[in-house]
Amino acid sequence: METKDFIIELEKKDMKLWLNEEGGLAFKGPKNFMTDDLLNQIKERKEEIVECLKRERFIKHDEKGKYLQFPLNDMQSAYYSGMKRIYELGGTSCYTYLELEVPQIDVLKLEQAWHQVIAKHDMLRAIVSKDGMQQILEKVLLPRLDVYDEDSLEEVRSDMEKLNFDIEKGPNHILKITKMKQGYIIHFAIDMLIADFVSINIILNDLFKAYKLGFLEINPKEVNFRDIVMDRIEKKEKIKSTTKYLKGKEYWLNKIDKMPDRPLLPIIQSKDENEDASFKRYEFEIAKNIWDNIKLISGRKGLTASNAVLGAFSEIIKKWSSNEEFVLSITLMDRQDKEMNIVGDFTAVDLLTVRKQSGTFLEKIKELQDFIARFSANASKSKQATSRKKTLEKIELDEIKPSNRKYPYIDFKPDREPGKEILKVEGLTKTINGEKVLDNVTFTVKPSDKIAFLADNENAKTVLFQILAGELEPDSGTVTWGTTITNNYFPKDNNYLFESDLNITDWLRQYSKDPDETYVRSFLGRMLFSGEEALKKVNVLSGGEKVRCVLSKIMLSGANLLIFDEPTNHLDMESITALNEGMKKFNGIILFTSHDHQLTQTVANRIIDLKQDKLIDRETTYDEYLEEIK
0 METKDFIIEL EKKDMKLWLN EEGGLAFKGP KNFMTDDLLN QIKERKEEIV
50 ECLKRERFIK HDEKGKYLQF PLNDMQSAYY SGMKRIYELG GTSCYTYLEL
100 EVPQIDVLKL EQAWHQVIAK HDMLRAIVSK DGMQQILEKV LLPRLDVYDE
150 DSLEEVRSDM EKLNFDIEKG PNHILKITKM KQGYIIHFAI DMLIADFVSI
200 NIILNDLFKA YKLGFLEINP KEVNFRDIVM DRIEKKEKIK STTKYLKGKE
250 YWLNKIDKMP DRPLLPIIQS KDENEDASFK RYEFEIAKNI WDNIKLISGR
300 KGLTASNAVL GAFSEIIKKW SSNEEFVLSI TLMDRQDKEM NIVGDFTAVD
350 LLTVRKQSGT FLEKIKELQD FIARFSANAS KSKQATSRKK TLEKIELDEI
400 KPSNRKYPYI DFKPDREPGK EILKVEGLTK TINGEKVLDN VTFTVKPSDK
450 IAFLADNENA KTVLFQILAG ELEPDSGTVT WGTTITNNYF PKDNNYLFES
500 DLNITDWLRQ YSKDPDETYV RSFLGRMLFS GEEALKKVNV LSGGEKVRCV
550 LSKIMLSGAN LLIFDEPTNH LDMESITALN EGMKKFNGII LFTSHDHQLT
600 QTVANRIIDL KQDKLIDRET TYDEYLEEIK
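If you're matching positions, the sequence shown starts at 0 in numbering that gives the first Met the number 0 and goes up one per residue.
So, in C-alpha cells, the structure goes:
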C-alpha cells in the first residue's frame with residue numbers, strides 16, 4: 000500500500016496524523032486503536048509519512064453523503080443570485096457557449112461518449128434547490144443528441160445564445176450537432192454555476208477520449224466537488240475563532256465601505272423590469288504573428304502578455320466610466336493540484352482598484368502587474384493566479400496534428416557535493432537612494448535547502464541576491480561561504496551580460512570549461528539554438544533567448560549553489576516547464592524568487608519572507624506558508 004493510501008485509511012478510522020511545529024510526526028486516535036503492529040508500521044513509514052504530509056492536504060470522500068444536499072460556494076451563490084430578479088439586469092443564467100468544428104463524427108458514438116462523461120462527472124448531474132442548496136442526482140435521464148441540418152444553423156445558434164437553464168430541474172448543459180456540407184459543428188453550452196472554464200476543458204477532453212477509446216475510467220469513490228466544498232467549510236469553521244481570522248474579517252469590514260464603486264458605464268436600461276436580461280458576446284481573433292509580437296514586446300518590457308491585455312481592458316473601461324476611480328473584479332482559479340481533474344466551480348475573484356491617473360500606458364500596466372505580483376506572492380487564493388498547470392490532457396481527434404512544441408534541455412549538475420557549511424548571512428543592511436531595503440537580515444543556509452524568498456519590497460530580494468553574488472557591497476553585515484561552495488547567479492536584469500558583438504557560440508564559449516566549438520554548439524542545440532541560430536549576435540537576442548543563454552551559462556558552471564532572481568521572466572510555457580523540472584532535480588542548494596506559483600510550490604522546501612519589520616523563516620512548502628499567514 001502506498002503511503003498516501005495508508006494515511007487515508009488511518010484517517011477513515013479517525014486516526015489523525017499531522018506535523019508539529021518542529022516538523023516532527025504527531026498522531027492521535029480512538030482509545031485502544033494504536034496496536035503494537037500499527038505503531039511499528041508508522042515507525043517504518045515515518046520518513047515517507049512526513050514527506051507526504053508536507054506535500055498533501057488530504058480530503059476525505061464521503062460515500063454515504065454523496066447524494067445529500069450541500070451549500071453553494073461563494074461564487075456559485077453569486078451566480079444563483081443573478082438568476083433572480085433581485086438585481087438590475089438579473090433573471091438570467093451565466094453560461095458558456097462554444098462551437099467545435101470537426102471533419103467527421105459518428106453521432107451515435109458521440110452520444111454514448113457524452114453519456115459516459117455525465118456518468119463520470121457528478122456536477123453534470125447537479126441541481127440547485129429553491130433554498131439555495133445544491134445536490135448531485137444519482138440517476139438522471141440521459142439526453143439524446145439532436146442533429147440539425149445546415150439550413151437550421153442560424154436558428155440553432157440563436158437558441159444556444161438565448162439559453163436560460165432551469166438550475167432547479169437540470170440538466171444544466173446541452174450538446175447539439177449541426178451536419179454541414181463539409182463536416183460537423185458541435186454546439187456545447189454549460190451553466191457556469193456547475194463548471195468553470197477549466198472544467199470545460201476537462202469535460203471536452205473526456206468527451207473525445209471516450210469517443211476515441213469507447214470507454215472512460217470511472218472511480219465512483221474518488222473525491223468529488225461535494226467533498227471539496229464540505230472540506231473547505233469544515234476548515235473555515237475551525238479557524239473562525241482564531242485571532243488571525245477575526246483581524247482579517249475586521250480589516251475587510253472596515254475597508255469595504257471605503258472602496259470605490261463599480262465603473263459607472265452608459266448602460267441601456269431594460270424597458271420592462273420583468274423582462275429577462277440577455278447578453279451578447281462580441282469577439283475577434285488576433286492573428287498569431289500579432290499575438291507573438293505582443294508577447295515579445297511585453298516580455299522586453301518586463302511584462303506578461305496577459306497583463307498587457309488586462310491593462311488595455313482597464314484603459315477602455317476608464318474611457319467610458321464617468322467616475323474617477325472604480326473597482327474591477329479580477330477572476331482567479333482556486334484549484335489545488337489534486338483538484339485539477341474535478342468538474343465544478345473553483346472560481347475566485349480579487350478586487351482591483353483602477354484610478355484615472357496620468358502616465359504612459361506602459362507605466363500603468365507595470366503598476367497593474369505589481370499589484371497582481373503582490374497578490375500572487377501573498378494572498379491565499381493566488382496559488383492559481385500564476386500557476387502553470389499542465390495536468391489536463393490535450394483534446395485530440397484523429398485529424399488534429401501532433402504537437403510541435405519544443406522543450407529545452409535544462410539539467411544543472413554540480414561538479415562537487417556541498418559540505419555541511421553552506422552559507423551564513425549575519426546582519427545584512429543596505430540603503431539605496433535613501434530607502435532602507437535590507438535591515439539586519441540574518442539566516443543560515445543548510446545542505447539540500449531550496450529556499451524561496453518573498454518580500455514586501457520587491458527590490459529587497461534583488462538587492463540581497465546581488466550582495467550574495469558579489470555585485471553589491473552591504474552597508475553592514477557579513478556573508479560567509481562554506482569552503483566547498485561554488486555559486487552562480489541568474490540576475491533579474493541580465494542585459495549587462497550581452498553588451499557585446501559576439502555571437503551566441505562565442506559568448507557561451509567564455510563560460511565553458513571545454514572551449515571546443517563542436518561541444519558548445521551541441522550544448523546550444525539542446526537549448527534550442529540549432530544551426531544558424533547559434534551564430535546570432537547576442538546584442539539582438541529576445542528576452543527569452545537571453546534567459547536560455549544565461550541558463551546555459553549556469554549549467555556549464557558546475558556550481559553547487561544556484562541563485563535565481565525571477566528566472567521565468569520572458570520564457571514560454573515549454574521553457575518554464577523544463578526549468579521547473581531542472582530545478583526540482585538539481586542535487587544542490589537553490590536560493591530563488593519567482594512569481595510563478597507552480598515553480599515555487601514544487602521546488603521550495605523552505606520559505607524566507609523579508610517583511611518590513613521582521614524576517615519569517617519556515618521549513619515548509621509555499622502553499623502551506625500561504626495558509627499559515629492568511
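Built from N, CA and C at the ideal position, the CB exists for glycine as well.
Small disclaimer: the values here were computed from a predicted structure and weren't measured.
Worksheet item: If you follow the beta strand (DSSP E) that residue 172 is part of, which residue opens it and which one closes it?
Response: Taking the sequence shown and counting its residues from 1, one reaches residue 172 at position 173. Counting along the chain, the beta strand (DSSP E) containing residue 172 begins and ends at 172-178.
Item to complete: Spell out whether any CB of chain B is found under 8 angstroms from the CB atom of residue 289.
Response: The displayed structure is made up of one protein chain only, and chain B is not part of it.
Fill in: Residue range of the alpha helix (DSSP H) that includes residue 332
Numbered from 1 along the sequence shown, position 333 holds the residue referred to as residue 332. No alpha helix (DSSP H) contains residue 332, which is instead part of the beta strand (DSSP E) from 324-332.
Worksheet item: Quick one, which of 354, 350 and 293 has its alpha-carbon nearest residue 320's?
Response: One-based indexing of the sequence shown puts residue 320 at position 321. Nearest in C-alpha terms to residue 320, of all of 354, 350 and 293, is 354.
Worksheet item: Is residue 609 closer than 8 angstroms to residue 471 when the C-beta atoms are compared?
Response: By 1-based counting over the sequence shown, the position of residue 471 is 472. By 1-based counting over the sequence shown, the position of residue 609 is 610. No, the pair does not count as a contact, with Cβ atoms beyond the cut-off.
Worksheet entry | Option nearest residue 334 by Cα separation, candidates 622, 202 and 580 | Translated into positions along the sequence shown, residue 334 becomes position 335. Nearest option by C-alpha distance: 622.
Worksheet item: Terminal residues of the continuous beta strand (DSSP E) containing residue 606?
Response: Here residue 606 refers to the residue found at position 607 when the sequence shown is read from its first residue. Here the beta strand (DSSP E) through residue 606 covers 605-609.
Worksheet item: Are there 16 or more other CB atoms within 10 angstroms of the CB of residue 473, so buried, or fewer, so exposed?
Response: Here the question's residue 473 lines up with position 474 in the sequence shown. When all chains shown are included, residue 473 counts as buried.
Discussion item. Determine whether the beta carbon atoms of residue 69 and residue 132 lie at a separation below 8 angstroms.
Written reply: As a first step, residue 69 is located in the sequence shown; it is residue number 70 there, counting from the start. As a first step, residue 132 is located in the sequence shown; it is residue number 133 there, counting from the start. In terms of Cβ geometry, residue 69 and residue 132 form a close pair [threshold 8 angstroms].
Practice prompt. At 3 residues or longer, and completely inside the region 76-142: list those beta strand (DSSP E) runs for me, N to C.
Written response: The qualifying runs are 94-101, 125-127 and 132-135.
Discussion item. Looking only at its chain, what residues have a beta carbon closer than 6 angstroms to the beta carbon of residue 5, apart from the 5 residues adjacent to it on each side?
Written reply: Residue 5 sits at position 6 when you count from the first residue of the sequence shown. By the criterion of a C-beta distance shorter than 6 angstroms, residue 5 is surrounded by no residue of its chain, once the five residues flanking it on both sides are discounted.
Worksheet item: Applying the criterion that 16 or more other CB atoms from any shown protein chain within 10 Å of the CB defines a buried residue, is residue 641 buried or exposed?
Response: In this structure the chain extends from 0 to 629, so residue 641 is not present and cannot be described.
Practice prompt. To the nearest angstrom, report how far apart residue 8 and residue 48 are at their CA atoms.
Written response: Position 9 of the sequence shown, counted from the start, is the residue given in the question as residue 8. Position 49 of the sequence shown, counted from the start, is the residue given in the question as residue 48. Those two C-alpha atoms are separated by around 13 angstroms.
Worksheet item: Can you pull the DSSP bridge partners for residue 348?
Response: Here the question's residue 348 lines up with position 349 in the sequence shown. Partner(s): 330.
Worksheet item: Between which two residues does the beta strand (DSSP E) carrying residue 436 extend?
Response: Within the sequence shown, residue 436 is the residue found at index 437, counting from 1. Unbroken beta strand (DSSP E) run through residue 436: 434-444.
Item to complete: Tell me whether the beta-carbon of residue 463 lies closer than 8 angstroms to the beta-carbon of residue 503.
Response: For this step, residue 463 is matched to residue 464 along the sequence shown. For this step, residue 503 is matched to residue 504 along the sequence shown. No, the pair does not count as a contact, with Cβ atoms beyond the cut-off.
Worksheet entry | Endpoints, alpha helix (DSSP H) assigned at residue 625 | Stepping through the sequence shown from its first residue, residue 625 is reached at position 626. Run containing residue 625: 621-628, per the alpha helix (DSSP H) assignment.
Item to complete: Closer than 8 angstroms by C-beta to residue 543: which residues in its own chain qualify, once you throw out the five before and the five after it? Chain order, please.
Response: By 1-based counting over the sequence shown, the position of residue 543 is 544. Cβ neighbours of residue 543 beyond the five flanking positions: 298, 569, 570, 571 and 574.
Worksheet item: Which residues in the same chain have their Cβ closer than 7 angstroms to the Cβ of residue 300, if we skip the five residues on either side of it in sequence?
Response: For the purposes of this step, residue 300 is taken as the residue at position 301 of the sequence shown. Excluding positions up to five away in sequence, the list reads 361.
Discussion item. Do residue 179 and residue 149 have their beta-carbon atoms positioned less than 8 angstroms apart in this structure?
Written reply: As a first step, residue 149 must be located in the sequence shown, where it is residue number 150. As a first step, residue 179 must be located in the sequence shown, where it is residue number 180. Closer than 8 angstroms, so yes.
Discussion item. So, with DSSP's three-state summary, where would you put residue 614?
Written reply: For the purposes of this step, residue 614 is taken as the residue at position 615 of the sequence shown. Strand.
Practice prompt. Using the DSSP secondary-structure output, state which residues sit across from residue 450 in a beta bridge.
Written response: Indexing the sequence shown from 1 puts residue 450 at position 451. Its beta-bridge partners are 590 and 605.
Worksheet entry | residue 124 burial status per 10 Å Cβ neighbour count (16 or more: buried) | Counted from its first residue, the sequence shown places residue 124 at position 125. Per the 10 Å Cβ criterion, buried.
Worksheet item: What number of angstroms, rounded off, separates the C-alpha of residue 625 from the C-alpha of residue 332?
Response: Locating residue 625 in the sequence shown gives position 626, where the first residue counts as 1. Locating residue 332 in the sequence shown gives position 333, where the first residue counts as 1. When rounded, the distance between both Cα atoms is 16 angstroms.
Worksheet entry | Beta-bridge pairing of residue 425 - partner residues as DSSP gives them | Here residue 425 refers to the residue found at position 426 when the sequence shown is read from its first residue. Residue pairing by DSSP places residue 425 opposite 477 in a beta bridge.
Worksheet item: What separation, rounded to the nearest whole angstrom, lies between the Cα atoms of residue 212 and residue 111?
Response: Stepping through the sequence shown from its first residue, residue 212 is reached at position 213. Stepping through the sequence shown from its first residue, residue 111 is reached at position 112. Using only the alpha carbons, I get a separation of about 12 angstroms.
Worksheet item: In chain order, what residues of the same chain lie with their CB nearer than 7 angstroms to the CB of residue 497, ignoring the 5 residues before and after it?
Response: Position 498 of the sequence shown, counting from 1, holds the residue named residue 497. Cβ within range, chain order: 537, 538, 540 and 545.
Item to complete: Tell me whether residue 354 sits in a helix, a strand or coil according to DSSP, three-state version.
Response: Your numbering for residue 354 matches position 355 in the sequence shown. Strand.
Worksheet item: Where does the unbroken alpha helix (DSSP H) through residue 537 begin, and where does it stop?
Response: Along the sequence shown, read from residue 1 onward, the residue named residue 537 stands at position 538. Per DSSP, residue 537 belongs to no alpha helix (DSSP H) and is neither H nor E.
Item to complete: Could you give the DSSP three-state label for residue 487: helix, strand or coil?
Response: Position 488 of the sequence shown holds residue 487. When secondary structure is reduced to three states using DSSP, residue 487 falls in the strand class.
Item to complete: From the DSSP output, in three-state form, read off residue 234 for me.
Response: Locating residue 234 in the sequence shown gives position 235, counting from the first residue. Three-state DSSP puts residue 234 in a helix.
Fill in: Sequence-distant residues of its chain with Cβ nearer than 7 angstroms to residue 394 (five each side left out)
In the sequence shown, residue 394 corresponds to position 395, counting from 1. Residue confidence for residue 394 is low, a pLDDT of 36 falling below 50, so the modelled location carries little weight and cannot support an answer.
Item to complete: Using only alpha-carbon positions, find the residue among 310, 308, 194 and 229 that is nearest to residue 62.
Response: By 1-based counting over the sequence shown, the position of residue 62 is 63. For the options 310, 308, 194 and 229, the alpha carbon positioned closest to that of residue 62 is the one of 229.
Fill in: Secondary structure of residue 244, DSSP reduced to three states
Numbered from its first residue, the sequence shown carries residue 244 at position 245. It is helical.
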